[in-house]
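Enquirer:
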Amino acid sequence: MRALYSVFSSTALLIIHIHPNYKIYTICYFKTLTYLSNLRLRQHEEIKGTTVDIPSSVISAKWLSQHIDHPSITVLDASWFMPGSERFPQQEWAAKRIPGSLFFDFDNKIKSHESQLPHMLPTAEDFAHEVSKLGISNDSTLIVYDSVGLFSSPRVWWMFKAMGHNNVAVLDGGLPAWIAAGGAIATQAPATEISVTTYIAKLQTRWIASADDVNQQLTNEAVTVVDARPAERFAGKQVEPRQGVRSGHMPNAKNLPFPKVVFDGKLADSERLNKSFDELAPIQQRYIFTCGSGITACILALAAEQTGRENIAVYDGSWTEWGSNEEYPVVKDE
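For reference, each letter of the sequence shown is one residue, going 1 to 334 in UniProt numbering.
(1) Who pairs with Phe-258 in a beta bridge, going by DSSP?
(2) With distances taken Cα to Cα, identify the nearest neighbour of Gly-294 among Gln-243, Gly-84 and Phe-258.
(3) Under 8 Å Cβ to Cβ from Lys-133, same chain only, skipping five residues before and after it: list those, please.
(4) Could you spell out where the alpha helix (DSSP H) holding Phe-277 opens and where it closes?
(5) Mapping the DSSP letters down to three states, classify Lys-266 as helix, strand or coil.
(6) Would you tell me roughly how many angstroms separate the C-alpha atoms of Asn-166 and Phe-160, rounded to the nearest one?
(7) Taking DSSP as the reference, what is the three-state secondary structure of Val-214?
(8) Does the beta-carbon distance from Asp-227 to Cys-291 come in below 8 Å?
(9) Just to confirm my understanding: we take Arg-309, look at its own chain, exclude 5 residues before and 5 after, and list those with CB closer than 7 Å. What are they?
(10) In chain order, which alpha helix (DSSP H) runs of at least 4 residues are fully inside the segment 282-314?
(11) Given that a residue counts as buried once 16 or more other Cβ atoms are within 10 Å of its Cβ, and exposed if not, what is Lys-332?
(12) By DSSP's criteria, Phe-103 is part of a beta bridge. Which residues make up the other side?
(13) With three or more beta-carbon pairs closer than 8 Å as the criterion, would you say the segment 211-223 touches the segment 234-249?
(14) Just the Cα atoms here: how many angstroms apart are Gly-173 and Asp-53?
(15) Have a look at Ile-68, Lys-275, Pro-89 and Pro-329 and flag the residue whose alpha-carbon is nearest the alpha-carbon of Ser-152.
(16) Taking just the CA atoms, how far does Ala-281 sit from Arg-87?
(17) Got a sec? Which residues, its chain only, sit under 8 Å from Glu-125 by beta carbon, not counting five neighbours each side?
(18) Could you work out which residue in Gly-323, Ile-179 and Arg-155 is closest to Arg-233 when comparing CA atoms only?
(19) According to the neighbour-count rule (16 or more other Cβ atoms, all chains shown, within 10 Å of its Cβ), is Met-82 buried or exposed?
(20) Looking at Trp-157 and Ser-57, is the spacing between their C-beta atoms short of 8 Å?
(21) What are the residues that DSSP puts in a beta bridge with Val-331?
(22) Nearest to Thr-325 by alpha carbon, out of Leu-171, Pro-230, Arg-272 and Met-250?
(23) Spell out the partners DSSP gives Arg-229 in its beta bridges.
(24) To which residues of the same chain is Thr-320 closer than 7 Å at the C-beta, ignoring the five residues directly before and after it?
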């Protein structure tokens, strides 16, 4: 009968096959388990130095499930709710989230603390400081989601674009789509220890429009201002939810309520998106998107980008700023 003898040591694994006639048949020498472990470690380090190229600014739950374990992937929960909703997004994230995700608080923390307006974009320096504390690097592949589906996550997509971080995408359908696709959910207490990085932000002004910029472009035929608010608010027939803000819209602005580009919590298909934007203006136009406070305008910016439009900006102060300042013109529909 053929016998097999194995000798283990800390340095090698020696396997000797003995022929029935007791003559050595073959000797196979293998590197140690330590060597294999080191090999795996080197392979991991090689992967860690790479990034995942996202196929689009909008990715599916299936795509995320296939790439979520890659070391360069960082998932961000950007959930936000309207004031007075009595919902607390960070608490909801802590109780139910995509495993390994971080909460990106653009309403209280990663915002301008000098402006009186809500969740305004911070300076590049302040943005980099806060993002570094989340352990995000310039090589990170960022996937942003929210718990509604597709509501506040485009805001964080836009923030990173405005800070020069291009490898960022929104999870289409957000947390509901992730759950529907069978994605795992974490409910235990989130990790509190995060390795701080040194993030570098470079402001990209083409993504941002100020009130003065908008005011100067209202009569420019090469620029289209698009308001994402509901039709009744745009027309001035509904009182604004924020006290002291006038009703109506900017002269020559066009209205595209954001629900028209979102269906069942996901971005509309390309045919509907193209139709919606083609009815507004040609693709080569400069588009400035506005809304109530700079959240849903980013949904339109994301949708416009999906149609191939490249000259896109968001008016950060939006109607909260415009409607509060008597210097800026307001019109109402009859």
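Backbone N, C-alpha and C fix where the C-beta goes; we use that ideal spot for every residue, glycine too.
Expert: Taking the coordinates as given:
(1) According to DSSP, which records beta bridges pairwise, Phe-258 is partnered with nothing at all.
(2) Looking from the CA of Gly-294, the closest CA among Gln-243, Gly-84 and Phe-258 belongs to Phe-258.
(3) Excluding residues within five positions, the ones whose Cβ falls inside 8 Å are Ile-194 and Val-196.
(4) Per DSSP, the unbroken alpha helix (DSSP H) holding Phe-277 starts and ends at 270-278.
(5) Residue state, collapsed to three classes: strand.
(6) Rounded to the nearest angstrom, the two C-alpha atoms are 7 Å apart.
(7) DSSP, read as helix, strand or coil, puts Val-214 in helix.
(8) One thing to note: Asp-227 has its Cβ within 8 Å of the Cβ of Cys-291.
(9) Only Phe-277, Ile-283 and Tyr-287 meet the Cβ criterion.
(10) Segments of the alpha helix (DSSP H) lying fully in the segment 282-314: 296-306.
(11) Counting of Cβ neighbours within 10 angstroms places Lys-332 among the exposed residues, the total staying below 16.
(12) BP columns for Phe-103 point to Asp-77.
(13) No contact exists between the segment 211-223 and the segment 234-249.
(14) It is roughly 20 Å from the alpha-carbon of Gly-173 to the alpha-carbon of Asp-53.
(15) If we check each option's Cα against that of Ser-152, Pro-89 comes out closest.
(16) Between Arg-87 and Ala-281, the alpha-carbon positions lie close to 37 Å from each other.
(17) Ala-201, listed in sequence order.
(18) Answer by Cα proximity: Gly-323.
(19) If you draw a 10 Å sphere on the C-beta of Met-82, you find fewer than 16 other C-beta atoms in it, and that means exposed.
(20) Closer than 8 Å, so yes.
(21) Val-331 is bridged by DSSP to His-249.
(22) Per the sequence shown, residue 325 should be read as Asn rather than Thr. Put simply, of Leu-171, Pro-230, Arg-272 and Met-250 the residue whose alpha carbon is nearest the alpha carbon of Asn-325 is Met-250.
(23) Answer by DSSP bridge pairing: none, since Arg-229 is not bridged.
(24) So the qualifying residues of the chain are Leu-117, Pro-118, Arg-242, Val-245, Gly-292 and Ser-293.
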